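Numbering (UniProt numbering), first residue to last: 1 to 166.
By construction, the Cβ of each residue, glycine as well, lies at the ideal position given by its N, Cα and C atoms.
A quick note: this is a predicted structure, and the numbers were derived from the prediction, not measured.
Remarks on the structure that follows.
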């Protein structure tokens, strides 16, 4: 406990050590009372991240012909103002969708705050986008693209950068 709170062997750079120590103290006090449950799965695998956007989308949405694909529209930890605009075969996780945000089949939307009108056709992976991003995307056709927003902080400089492929 003392080593964790003090920050020993963290491998971190020369950042703000007092802020990190304070954060670790809060984290330790909060999490040490949470009961943990474990399950052992012999020969189990976990393949969440992949370098291929198409593989990632396939893992998060059902494919045509799957027994469970009919009527599938997964929404988890999200607030969707107009859920009728989410088409079968999409996945929306940890998002806030305000207004007319149409999410077509085969799309994965994660960690986004989007505001309509916005039409996401099919085959897209969108992560880390905010309201300003959705305004910038309105005039573009979103189909078979991967757009990721990343918050970057280097000492006192913080900004948002995007990766786009497809």
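- Shown here, residue 141 sits in coil according to DSSP, grouped into three states, outside any helix or strand.
- In the three-state reduction of the DSSP assignment, residue 129 falls in the coil class, being assigned neither a helical nor a strand state.
- Considering only 115, 156 and 145, the residue with the shortest C-alpha distance to residue 136 is 115.
- Residue nearest to residue 165 within the set 154, 142, 156 and 157 is 142 (criterion: CA-CA distance).
- Residues 85, 86, 87, 90, 92, 97, 109 and 120 of the same chain have their beta carbon placed closer than 8 Å to that of residue 103, with the five preceding and five following residues left out of the count.
- In the displayed model, residue 119 falls within a strand according to three-state DSSP.
- Distance from the CA of residue 58 to the CA of residue 123, rounded to the nearest whole angstrom, comes to 9 Å.
- By the neighbour-count criterion, in which a residue is buried when 16 or more other Cβ atoms sit within 10 angstroms of its Cβ, residue 31 is exposed.
- At the C-beta level, residue 134 and residue 159 stay beyond 9 Å of one another.
- Separation of the CB atoms of residue 132 and residue 117 is rounded to 15 Å, and the pair is thereby denied contact status at 8 Å.
- When the beta-carbon positions are compared, residue 106 and residue 127 stay at least 9 Å from each other.
- Annotation for residue 145: 124 and 166 place their beta carbon closer than 6 Å to its own, counting only its chain and skipping 5 residues before and after.
- Residue 25 and residue 95 have their C-alpha atoms roughly 29 Å apart.
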